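Engineer: Quick one: the structure is below, questions incoming.
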Ligand code: ATP
Ligand code: MG
């Protein structure tokens, strides 16, 4: 089967905790928690096992069982990990909600999934309270920072855990058992509830080892919030299934704090996102010279296309390569990646990981030759493949054709087998009969010293069918001018082509991003066209 599972027990909660203890790692640090105030607390695999078992007992005593849906709605904090793993131990479906979500986003997700319970903190309870009467299935709100129960359904985590036993053995859990529920980031429309199975651990484990290079001696930090798939697949499951020590930092983005964490905790493998890396690129170079990062071996990125300029910056400033990885909520684990040992081609996502067959396929279902752009597809049946979109069987079925999963992204493969991302299929711009990648234009814009951020869209045009419109945010010390506009046009024209050159440049203060940091091109487009932007519950405001 795999060296991970030899007894058919696929329970992710069990594998990440008890199994690690059985294999002699009980006293090893599983999680070094670094609080927003930079205070540390260590938790061993034994602690992780005990606390998650306690939480499994808590849920069981409240009447939860296989298939019930339970969410965490917490910022990064130790209780989130205990609750998530505890729910999985009991074969309860574990969902995670980003703690910045507003009530509309909560209502969508808790309502759609018919969640029975949620664990949260005092400061967040009021958001749930405001939509509570629209959530008839929601029975329990467990609050981590109150000492006593408040009512029959607003319960104290501390009191429940005090009264619960740390003895719990996960039931035998076959591969096909529902495990994690994630809503997508909602970059292209309403977020979809993506259901995963315990089997996914096979691929999360394999890619954490083979791509991220995690093993017994690594100290690993994944900056992703647990509200998104990267935060669970690679901030919980993959690394702990390998018995790896993880750093979890509760603070938000702050270049100085981040580099302190990297240095002081001796991080050896770091997994982060382009949006964070683009912010670092804008920091004073002097800052980086103050930190010693000799232990840092590898940097990985996921979530958005990784602009070549960011790779060049990391080579110059950090003396390190950044390895881009591609996957989606639906794929559950990394599908295409750069990795140590494979030459990085800046702008390319790398090659498919072991066991994954990726292909570029035309709209009519025929595979396309190298160099031609088309639908990025993965052969169905990989171990971490999602089992469905909740309450949306029709859309799930539409994603599969001829044994292939259509990802909704457009890309091409070069003659050496590297995959190059062009855009979400809806974002690719069709101008004067050419298909243009907004990502390539944004990457070219980022090379201009005055440009801090950009977002590129196609807008209807009588002559060209679509024209290229570039939204550009400048670094603080610069202001828009006619000369700068010409400079930008000239640069894109030289770097890419005259066809890719923006017909229109709109200077703006900031580029809208969703809560996972992704550029929201559909919001830019709707604003430009004076239309309604649709569901913007995940927009960062
Ligand atoms: P929704 O499906 O609701 O619109 P979303 O697609 O943003 O939201 P996720 O599943 O979090 O939700 O994101 C996956 C998408 O992110 C991919 O389909 C791709 O468009 C983009 N992406 C992820 N990693 C990369 C990468 N390395 N390079 C380019 N794009 C990436
Ligand atoms: Mg998507």
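In our numbering, the protein residues as written are 67 to 607.
Backbone N, C-alpha and C define an ideal beta-carbon position, used for all residues, glycine too.
A quick note: this is a predicted structure, and the numbers were derived from the prediction, not measured.
1) Please name the residue in 353, 363, 389, 151 whose C-alpha comes closest to that of residue 298.
2) If you follow the beta strand (DSSP E) that residue 435 is in, where does it begin and where does it stop?
3) Quick one: complete beta strand (DSSP E) runs, 3+ long, within the region 145-174?
4) Relative to the ligand ATP, is the shortest distance from any of its heavy atoms to the C-beta of residue 573 smaller than 7 Å?
5) Please report how far the alpha carbon of residue 186 lies from the alpha carbon of residue 139, in whole angstroms.
6) Could you pull the DSSP bridge partners for residue 533 from this structure?
7) Rounded to a whole number of angstroms, what is the C-alpha to C-alpha distance between residue 593 and residue 546?
8) Near residue 348, which residues of its chain fall below 8 Å by C-beta distance, leaving aside the five closest residues on each side in sequence?
9) Relative to the ligand ATP, is the shortest distance from any of its heavy atoms to the C-beta of residue 261 smaller than 7 Å?
10) Taking DSSP as the reference, what is the three-state secondary structure of residue 67?
11) Hey, residue 292 and residue 302: beta-carbon distance below 8 Å or not?
12) Tell me which same chain residues have a C-beta within less than 6 Å of the C-beta of residue 232, skipping the five on either side of it?
13) For residue 193, is the classification buried or exposed, using 16 other Cβ atoms within 10 angstroms of its Cβ as the cut-off for buried?
14) Here's the rule: buried if 16 or more other CB atoms are within 10 angstroms of the residue's CB, otherwise exposed. What is residue 597?
15) In this structure, how does DSSP classify residue 80 when only helix, strand and coil are distinguished?
16) Between which two residues does the beta strand (DSSP E) carrying residue 463 extend?
17) Indicate the three-state DSSP secondary structure (helix, strand or coil) for residue 387 in the structure shown.
18) Which first and last residues belong to the beta strand (DSSP E) in which residue 262 is found?
19) Which residues does DSSP list as the beta-bridge partners of residue 486?
20) Can you find a C-beta in chain C that's less than 8 Å from the C-beta of residue 281?
21) Between which two residues does the beta strand (DSSP E) harbouring residue 364 extend?
22) Taking DSSP's pairing of strands, which residues face residue 97 in a bridge?
23) Taking its Cβ as the centre, do 16 or more other Cβ atoms sit within 10 Å of residue 235, making it buried, or is it exposed?
24) Compute the minimum distance between the beta carbon of residue 393 and the heavy atoms of the ligand ATP, and state whether it is under 7 Å.
25) Can you check whether the CB of residue 318 is closer than 8 Å to the CB of residue 100?
26) State whether the region 261-281 contacts the region 446-453, with contact taken as three or more CB pairs (one from each stretch) at a distance under 8 Å.
27) Tell me, to the nearest whole angstrom, how far the beta carbon of residue 161 is from that of residue 181; I am working on the premise that it is less than 8 Å.
28) Based on Cα-Cα distance, which residue from 410, 340, 178 lies nearest to residue 458?
Structural biologist: Judging by the given coordinates:
1) 151
2) Residue 435 -> no beta strand (DSSP E), and no H or E assigned at all.
3) 159-163
4) no
5) 5 Å
6) 525
7) 20 Å
8) 518, 541
9) no
10) Confidence at residue 67 is low in this model, with a pLDDT of 44, below 50, so its placement is unreliable and the value that follows should be read with caution. Residue 67: coil per DSSP, three-state reduction.
11) yes
12) 116, 119, 120
13) buried
14) exposed
15) helix
16) Element bounds for residue 463: not the beta strand (DSSP E) but the alpha helix (DSSP H), 459-464.
17) coil
18) 259-263
19) 414, 478
20) The displayed structure is made up of one protein chain only, and chain C is not part of it.
21) 364-368
22) 109, 312
23) exposed
24) yes
25) no
26) yes
27) 7 Å
28) 178
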